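So the sequence shown is numbered by this note's numbering: it starts at 2 and just counts up by one. Take a look at the structure below.
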Amino acid sequence: MDAGRVAGMSGVRLLVTGAGGFCGLHACAFFARRGYEVVGVLRHADDPRTAVLQRLGAGAEFCDLTDRTEVDRLIARVRPERILHLAGLSSAGPSWREPARYLEVNVMAAVYLLEAARREMGDRFRFAAAGSMLRFDWPPDGGAPRPPHPYSLSKTLLTAVVQSWHHLYGTAAVVAEPANLIGPGPSLGLPALIAAHIRALRRARLAGAPDPAPFRLSSLTERRDYVDVRDAVRAYEVLLERGEPGRVYPIATGRQRTLGEVAAAYERAAGFRVEWLIGDSDAPSPPPADPSALTALGWRPEIPFARSVADTLDDDAGGVAWFMRTGQD
């Protein structure tokens, strides 16, 4: 067996929060195929993504994860042996306007899940949460913390909570920090936005209509690490089954690409030139992520960047419709 793959986990009950999101839908599809008994969490019973989860072979539960009583009831109903906590708010900009909401959703929901599972399951569950590479480091000298924005604060506190539950209670819990995700499905990330723009360009040219306004890039030089969402969900399985409790694991390829390289890759895949509006941002690029802790467990990214780009361009339906059409990730 490939060292980066986990033996089939037939019948293991997995709870996936954020199941209706980009990574959540891919996770439900992947884990259901792997033999897990997957239960995806959505917030509202009338969510149309319930049908998508059913098509993917997953069940659905409905819960406001910021309501402790609802979370207690959810865990009592499902009794999960694994919890993949992907739900959360993920945009830095809006966090300035709603800092309390970000702390409630990104921190307290994890506390409620960990506590409910600890009471219901004892030590018979494993937990992995999606953190963020935008978390900040605490000052080593005991000085005041200096988060760049409330979103970073919320993800830093999430990491502290998960690690503390391992320290305080022995909970088998890890934090994953995924790089920028790319791939087909309902993403709002830069690759998906570029792909949607190119599809709009293609439709306009086929119809003889004017081109849409040029796509704006903040610069050509900012660098990012892009990992395919399908590789990321494989990493989550490795971490749920093999991750060392209390650790933080970056999920990344280890290679950064400039925004100019990303734009060029989409032009090559499209087969025609694209007009870009280039900004003059001098924002610093994040430091390269080190995936060595994860690769030591046997995981490797398998999907080439060019295929990820092509798959986002081929996702003509966009959003959750891709899963309804393919029934797979």
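Cβ atoms here follow ideal geometry from the backbone N, Cα and C, with glycine treated the same way. Since we're looking at a predicted model, the values are computed, not measured.
Legend entry - Burial state of residue 101, where buried means 16 or more other Cβ atoms lie within 10 Å: exposed
Legend entry - C-alpha distance - residue 312 paired with residue 53, whole-angstrom precision: 19 Å
Legend entry - Alpha-carbon to alpha-carbon, residue 264 and residue 294: 30 Å
Inset, instruction - Below 8 Å on the Cβ atoms is my guess for residue 199 versus residue 250; work out the distance and round it to an integer in Å. - result: About 33 Å; that fails the 8 Å criterion.
Legend entry - Where residue 97 sits in the DSSP three-state scheme: coil
Inset, instruction - Give a yes or no on contact between the stretch 274-285 and the stretch 144-161, applying the rule of three or more CB pairs nearer than 8 Å. - result: no
Inset, instruction - Examine chain D for any beta-carbon lying closer than 8 Å to the beta-carbon of residue 215, and answer yes or no. - result: Judged by its chain identifiers, the structure shown contains no chain D, having just a single protein chain.
Inset, instruction - Entirely within the stretch 98-186 and at least 3 residues each: give me those beta strand (DSSP E) ranges in chain order. - result: 127-131, 173-179 and 181-183
Inset, instruction - Would you check if the stretch 297-311 and the stretch 234-249 touch, i.e. whether three or more CB-CB distances between them fall below 8 Å? - result: yes
Inset, instruction - Measure from the alpha carbon of residue 113 to the alpha carbon of each residue in 36, 97 and 86, then state which is nearest. - result: 86
Inset, instruction - Would you mind reading off the limits of the alpha helix (DSSP H) that contains residue 30? - result: 23-34
Inset, instruction - Please report how far the alpha carbon of residue 197 lies from the alpha carbon of residue 208, in whole angstroms. - result: 17 Å
Inset, instruction - Name, in chain order, the residues that DSSP records as bridge partners for residue 257. - result: 226
Inset, instruction - Could you check the C-alpha separation between residue 14 and residue 125 for me, to the nearest Å? - result: 11 Å
Legend entry - C-beta atoms of residue 216 and residue 278 nearer than 8 Å: yes
Legend entry - residue 55 classed as buried or exposed, judged by whether at least 16 other C-beta atoms fall within 10 angstroms: exposed
Legend entry - Option in 96, 212, 83 and 205 with minimal Cα separation from residue 29: 83
Legend entry - For residue 12 and residue 98, the rounded distance between their alpha carbons: 43 Å
Legend entry - Straight-line gap, residue 257 to residue 231 (C-alpha atoms, nearest Å): 18 Å
Inset, instruction - Between the Cα of residue 226 and those of 192, 213, 80 and 72, spot the shortest distance and give me the residue it belongs to. - result: 192
Legend entry - Span of the alpha helix (DSSP H), counted from its first residue to its last, around residue 192: 191-208
Inset, instruction - Can you tell me which of the three DSSP states residue 216 falls into? - result: strand
Inset, instruction - Could you check which residue in 229, 236, 104 and 214 has the C-alpha nearest to that of residue 23? - result: 229
Inset, instruction - Please classify residue 250: does DSSP put it in a helix, a strand, or coil? - result: strand
Inset, instruction - Tell me whether residue 76 sits in a helix, a strand or coil according to DSSP, three-state version. - result: helix
Inset, instruction - May I ask you to report which of helix, strand or coil DSSP gives residue 67? - result: coil
Legend entry - Three-way DSSP call (helix, strand, coil) for residue 308 in this model: helix
Inset, instruction - Note the first and the last residue of the continuous alpha helix (DSSP H) segment covering residue 301. - result: Neither: residue 301 is in no alpha helix (DSSP H) and is coded neither H nor E.
Inset, instruction - Let me know if residue 179 comes out buried or exposed under the rule of 16 or more other beta-carbons within 10 Å of its beta-carbon. - result: buried
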